[in-house]
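In my numbering, the protein residues as written are 1073 to 1383.
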Amino acid sequence: MKKHEFIKYAKKSMTHPLMIISAMNYYGLLKWLPDKTLLEIDFKARHGKKLDLDNPVTYNEKLQWLKLYDRDPVYSQMVDKYEVYQYVSKKIGKKYLIPLLGVWDSADDIEFDKLPDQFVLKPTHDSGCCVICTDKETFSRNKAIKKLNAALHRNYYYSGREWPYKDVKPRVIAQKYIVDESGYELKDYKIFCFDGVPKLIHVDFNRFTDNHQRNIYTPSWEYVPMSILYPTSPETKVEKPVVLKEMLTIAKNLSAGIPHVRVDLYVVGEKIYFGELTFYHDSGHTTFNPPEWDETMGSWIRLPGKVRTAN
1073 MKKHEFIKYA
1083 KKSMTHPLMI
1093 ISAMNYYGLL
1103 KWLPDKTLLE
1113 IDFKARHGKK
1123 LDLDNPVTYN
1133 EKLQWLKLYD
1143 RDPVYSQMVD
1153 KYEVYQYVSK
1163 KIGKKYLIPL
1173 LGVWDSADDI
1183 EFDKLPDQFV
1193 LKPTHDSGCC
1203 VICTDKETFS
1213 RNKAIKKLNA
1223 ALHRNYYYSG
1233 REWPYKDVKP
1243 RVIAQKYIVD
1253 ESGYELKDYK
1263 IFCFDGVPKL
1273 IHVDFNRFTD
1283 NHQRNIYTPS
1293 WEYVPMSILY
1303 PTSPETKVEK
1313 PVVLKEMLTI
1323 AKNLSAGIPH
1333 VRVDLYVVGE
1343 KIYFGELTFY
1353 HDSGHTTFNP
1363 PEWDETMGSW
1373 IRLPGKVRTA
1383 N
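Next up, the structure:
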């Protein structure tokens, strides 16, 4: 089937199961599809409705628009887990950075013998891949290398056309292993910012278990009775961080001038650590409960008037 025939067929087949498109896209079989075409097909398959790029209203729709039309080159540095160290240092200072233990072009080059007994390994160009070592005696280097090399050979950009990842150099970084007051995990405070204004804070806990939960709070730490993808737990009270004011200031500084970005932070006692910057939460395919929040959060995004680039 020729490319133009496939595009025509795919558009007619938008009600077909998502798994077909997702699998093909994951394995790089749809690299040749223009970004706009792929996003339209994917959105229809996932949400059951046409993607409206002319007049986007919902949060998920607007994230697709931003993928295509808000392409500031600095975004690539901001999503690069190694290069972002320089960006954050200039914006808020080095004291918020998790200590870096090493960086390598290949997982085969990792100097495990020089690493401490506990550490974390991450690809610089990917999202979601993470290898945690809590004890080198029981840690499988071979499994870690296999997992990381698989990620290094995958261009994350193609799965959701999150363009800032497209040209990020694939490398592996090692970071210091840290835990919070629980003694076994590091709660993730995801601060959703809109034009430099924090609006919601997700707190993820039990992240590496079958009971991953997420509570949502306002910047003044009022519980919000809604869920985004993961179940919420109103009976689980997450204490207001003593450094919340400082966290919000950090989020404002890192998100200033950007239509929308999620600023992820960690807190250990009164110490704040920078996690990462995310431009397209769940790649713009998240599930809201109640669903009205999709439109509510969409109303917080002011789309730039100038179209930078698209294909």
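Think of the CB as a built atom: it goes at the ideal place given N, C-alpha and C, for glycine as much as any other residue.
What does DSSP give as the partner residue(s) for residue i in the beta ladder?
i	result
ASP1260	ASP1276
VAL1203	LEU1193
LEU1140	DSSP lists no partner for LEU1140.
ARG1286	ASP1276
GLU1348	ASP1336
ALA1246	GLY1174, LEU1193
ILE1300	PHE1360
VAL1146	In DSSP, VAL1146 forms no bridge with anything.
VAL1269	PHE1266
TYR1295	TYR1289
LYS1343	VAL1340
For residue i, which residues from the same chain have a beta carbon less than 7 Å from its beta carbon, with the 5 sequence-adjacent residues on both sides left out?
i	result
TYR1168	VAL1160, ILE1322, ILE1344, TYR1345, PHE1346
TRP1365	MET1298
VAL1240	SER1148, VAL1151, ASP1152, THR1196, HIS1197
TYR1229	TRP1235, TYR1237, LYS1238
LYS1075	At LYS1075 the pLDDT is 47, less than 50, meaning the model places this residue with poor confidence and gives no usable figure here.
LYS1208	ASP1189
LYS1134	PRO1128, GLY1370, ILE1373, LEU1375
ASP1177	ARG1243
Within a Cβ cutoff of 6 Å, which residues of the same chain sit near residue i, ignoring the five residues on either side of it in sequence?
i	result
MET1096	LEU1102
TYR1131	ASP1366, MET1369, GLY1370
ASN1278	HIS1284, GLN1285
PHE1211	CYS1205
ALA1179	ILE1217, LEU1220, ASN1221, VAL1244
LYS1186	none
ALA1328	GLY1268
THR1358	ILE1300, LEU1301
GLU1155	GLN1149
PRO1242	HIS1197, LEU1224
LYS1166	none
Throw me the rounded Cβ distance for the residue i and residue j pair, which I believe falls under 8 Å.
i	j	result
LYS1139	GLU1234	6 Å
LEU1349	LEU1326	7 Å
VAL1192	GLN1247	5 Å
ILE1300	PHE1360	6 Å
PRO1306	PRO1291	At roughly 19 Å, the Cβ-Cβ gap does not stay under 8 Å, so PRO1306 and PRO1291 are not in contact.
ASP1181	PRO1331	Actually they do not touch by this definition, with Cβ atoms about 38 Å apart.
ILE1396	THR1308	In the structure as shown, the chain starts at 1073 and stops at 1383, and residue 1396 therefore has no counterpart that could be examined.
ILE1263	ILE1273	5 Å
Residue i: buried (16+ other C-beta within 10 angstroms of its C-beta) or exposed?
i	result
ALA1222	exposed
ILE1092	exposed
ARG1334	buried
GLU1077	Residue placement at GLU1077 is poorly supported in this model, since its pLDDT is 42, which falls under 50; the coordinates still yield a value, given next. When all chains shown are included, GLU1077 counts as exposed.
HIS1225	exposed
SER1231	buried
GLU1311	exposed
PRO1363	exposed
TYR1081	The predicted position of TYR1081 is uncertain, since its pLDDT is 43 and thus under 50; a value taken from the coordinates is nonetheless stated next. Label assigned to TYR1081: exposed.
LYS1194	buried
SER1254	exposed
VAL1275	buried
VAL1203	buried
Using a Cβ-Cβ cut-off of 8 Å (strictly less than) and excluding sequence neighbours within five positions of residue i, which residues of its own chain qualify?
i	result
VAL1339	ASP1252, LYS1259, TYR1261, PRO1313, VAL1315, MET1319, TYR1345
GLN1136	LEU1111, PHE1115, LEU1123, LEU1125, PRO1128, GLY1356
GLU1342	VAL1314, VAL1315
ILE1164	ILE1322, ASN1325, LEU1326, PHE1346
GLU1257	VAL1251, PHE1277, ASN1278, ARG1279, PHE1280
Inter-stretch contact (C-beta, 8 Å, three-pair minimum) for the stretch 1121 to 1138 and the stretch 1171 to 1190
Counting C-beta pairs with one atom in each stretch, the stretch 1121 to 1138 and the stretch 1171 to 1190 have fewer than three that are closer than 8 Å, which means they do not touch.
Should the stretch 1364 to 1379 be called in touch with the stretch 1197 to 1211, which here means at least 3 C-beta pairs below 8 Å?
In the pairwise beta carbon analysis, the stretch 1364 to 1379 is classified as not touching the stretch 1197 to 1211: fewer than three pairs are separated by under 8 Å.
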